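Under our numbering, the first residue of the sequence shown is numbered 1, with each subsequent residue one higher.
Here a beta-carbon is modelled for each residue, glycine too, at the ideal position from N, C-alpha and C.
For clarity, every value in this text was computed on a predicted model and none was experimentally measured.
Below is one structure, written out as structure tokens, with a few remarks after it.
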Amino acid sequence: MPLSRASLAVAYHAPVKRGFVHAVLIPAARRVRAAEGVSHVHLARHWRFGPHVQLVATGPDHGRLTEGLRAEQPVLEADVAAHPSTYRLDHEHYLALSEHLGTTELVPPPYEPIWPDNSVQLFEEPLSPGLIEDPDALDLRDAFCDALLEPLASVLEREAGDPAQRLAGASELMVLLAATYPDAGLSHGYLSYKSHLDDYMQDYDRDGATRADFSRRYERVAPAFTNLIADLVATPQRPCGYSGADPALARWSARLSQLWERAVELAATKAIDPLLHEGYTRRAGEMNDHLRRKWEVGDDREYSEFHAALRQYTYDDPAAGRDFAAYRFMVNLLYTQLLVADVSPAERLFLCHAVSEAVQATTGVSWRDVLNPRDARETGETAAGSAAREVAAE
Numbered sequence: 001m002p003l004s005r006a007s008l009a010v011a012y013h014a015p016v017k018r019g020f021v022h023a024v025l026i027p028a029a030r031r032v033r034a035a036e037g038v039s040h041v042h043l044a045r046h047w048r049f050g051p052h053v054q055l056v057a058t059g060p061d062h063g064r065l066t067e068g069l070r071a072e073q074p075v076l077e078a079d080v081a082a083h084p085s086t087y088r089l090d091h092e093h094y095l096a097l098s099e100h101l102g103t104t105e106l107v108p109p110p111y112e113p114i115w116p117d118n119s120v121q122l123f124e125e126p127l128s129p130g131l132i133e134d135p136d137a138l139d140l141r142d143a144f145c146d147a148l149l150e151p152l153a154s155v156l157e158r159e160a161g162d163p164a165q166r167l168a169g170a171s172e173l174m175v176l177l178a179a180t181y182p183d184a185g186l187s188h189g190y191l192s193y194k195s196h197l198d199d200y201m202q203d204y205d206r207d208g209a210t211r212a213d214f215s216r217r218y219e220r221v222a223p224a225f226t227n228l229i230a231d232l233v234a235t236p237q238r239p240c241g242y243s244g245a246d247p248a249l250a251r252w253s254a255r256l257s258q259l260w261e262r263a264v265e266l267a268a269t270k271a272i273d274p275l276l277h278e279g280y281t282r283r284a285g286e287m288n289d290h291l292r293r294k295w296e297v298g299d300d301r302e303y304s305e306f307h308a309a310l311r312q313y314t315y316d317d318p319a320a321g322r323d324f325a326a327y328r329f330m331v332n333l334l335y336t337q338l339l340v341a342d343v344s345p346a347e348r349l350f351l352c353h354a355v356s357e358a359v360q361a362t363t364g365v366s367w368r369d370v371l372n373p374r375d376a377r378e379t380g381e382t383a384a385g386s387a388a389r390e391v392a393a394e
């Protein structure tokens, strides 16, 4: 039976939240997680109704769940009062930003009222964009995000002593998830990050300035990223887990294997689908025609070079389709959780660029080598089939 959920929403207007998350919200999440009747807990950062973070609890008994959160609320309010935001939010500017974000993220109005800074509210049904519709998929979302709570706590603990550790820790999580991809591990798993990057660049970097900036920045840190991959991933061209000494990463890697199993089960029943469900295109069409074309992924929109190459293939392997659906679902959840550690969308895009470049440097195989449609037609192989032969031959 699908689980129930409720939340405590903390309005915190200060743009930088990681110190607050580390000092207040992670301890609160641990307390709630330890309560009877709670199956999963995670933190969800969002902008609607003002900058806030929700502490979302999941469990089989809704009444017990809300009772537990109601008991936690005064404790959390006291901790918020001891670590308050003092930021002055420009409401007019913020509402304009909300309209922009609502369009790009398919979140319709209303965007008001903006909640008072440092306020704590109990929601018997958590606020959500509503784009995950299946109850079993929601349960998997909660389990995946719960599994990330301690790795994120570890990242923020390390960042307190070394600011560079925040993005380094985020990179570790991205690399380790990609390394579990069943089709050739990291050497194909990183392509989801490349896809995310190039889709953004196609829409918002028409002059190439952002990509050029990313390339310059990456040149300075390239050795750090290739070393990170060498430290984390034993077999870049085969799926693998983490075997290092970091206990938080080791536990998360172990949980990932369980999450993969459940995600593939849900993909097999179409609870998670390789294609976006019709709710996306319906919302996009209600907002504007450009978004409708974008989310319908048809022939009446422009594509990046990467996505144009990807569209040359016919994907008719059911098992590969299930794996892809499961993986993309988890990648998108990871992106939402990185926000909790103050990894901004711009930083996330840079990490997608950096990880993609580092993987190609490590394997010696470019994305064009993987997705070259001419070679695939000549050999009669799909990218996945070619990769499988390469791995088997090693």
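7 Å Cβ cutoff met for residue i and residue j
i	j	result
Y218	A354	yes
A248	C240	no
V343	V21	no
A325	A271	no
T226	A361	yes
E172	R166	no
L3	P60	yes
R301	K294	yes
L197	L349	yes
A23	H83	yes
F214	I114	no
R211	M201	yes
Opening and closing residue of the beta strand (DSSP E) in which residue i lies
i	result
G102	G102 -> not in any beta strand (DSSP E); alpha helix (DSSP H) instead, spanning H91 to E105.
V53	H52 to G59
A6	S4 to A11
A44	H40 to H46
Status (buried if at least 16 other CB within 10 Å, exposed otherwise) for residue i
i	result
Q312	exposed
V107	buried
M1	exposed
P151	buried
E357	buried
P15	exposed
G189	buried
A34	exposed
E286	exposed
L97	exposed
E99	exposed
A346	exposed
R402	No information on residue 402 is available, as it lies outside the stretch 1 to 394 that the chain covers here.
Rounded Cβ spacing between residue i and residue j (contact assumed at less than 8 Å)
i	j	result
Y94	G102	Actually they do not touch by this definition, with Cβ atoms about 12 Å apart.
H13	L89	5 Å
F123	A6	6 Å
V10	H62	Not confirmed; about 21 Å, so no contact.
L186	V359	6 Å
Host alpha helix (DSSP H) of residue i (start-end)
i	result
Q73	H62 to A82
V331	P318 to L338
V32	I26 to A34
V359	P345 to T363
F123	Segment V120 to F123 is the beta strand (DSSP E) holding F123; no alpha helix (DSSP H) there.
L138	P135 to A147
Q: Please determine if the segment 31-49 and the segment 165-184 are in contact, where contact requires at least 3 C-beta pairs separated by less than 8 Å.
A: no
Q: Count the C-beta pairs between the segment 251-264 and the segment 142-156 that are closer than 8 Å, then say yes if the count reaches three, no if not.
A: yes
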